[in-house]
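Numbered per the UniProt record's numbering, the sequence shown spans residues 1 to 69.
Just so it is clear, CB atoms sit at the ideal spot from N, CA and C, and this is done for glycine as well.
This one's a predicted model, so the numbers in the text were calculated from it and none came from an experiment.
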Amino acid sequence: MPRLALYSLAVCVLAVVAAVLSFARGSWLGVVWILLAGISSNMTWYYLRKAKADRAAAHETGREAEVTG
Numbered sequence: 001m002p003r004l005a006l007y008s009l010a011v012c013v014l015a016v017v018a019a020v021l022s023f024a025r026g027s028w029l030g031v032v033w034i035l036l037a038g039i040s041s042n043m044t045w046y047y048l049r050k051a052k053a054d055r056a057a058a059h060e061t062g063r064e065a066e067v068t069g
């Protein structure tokens, strides 16, 4: 798993915990934490898909080099 995906996943989990705690204490600040969790969740998926696409491209490039070489 790419490092940036791990970081954004950690931020997502912490933001969800902060949102739960904020709402439990009666604060509307939890809405901001939910928005942050959504953004960091999207970042996690982006970095995971990017890593998968990069691996596939590297694999295809290596395969083409074997065929032409």
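C-alpha gap between residue i and residue j, whole angstroms
i                : j             : result
serine 27        : alanine 19    : 9 Å
glycine 38       : alanine 56    : 27 Å
leucine 29       : lysine 52     : 35 Å
aspartate 54     : isoleucine 34 : 30 Å
phenylalanine 23 : valine 32     : 11 Å
glycine 62       : methionine 43 : 28 Å
valine 67        : leucine 48    : With a pLDDT of only 49 at valine 67, under the threshold of 50, the placement of this residue in the model should not be trusted; the figure read from the coordinates follows. The alpha-carbon atoms of valine 67 and leucine 48 are separated by roughly 29 Å.
glycine 69       : alanine 58    : Caution is warranted here: a pLDDT of 44 is assigned to glycine 69, below 50, making its placement in the model unreliable, and the coordinate value is therefore given only provisionally. Using only the alpha carbons, I get a separation of about 16 Å.
tyrosine 46      : arginine 25   : 33 Å
cysteine 12      : leucine 6     : 10 Å
alanine 10       : lysine 50     : 18 Å
arginine 3       : valine 17     : 21 Å
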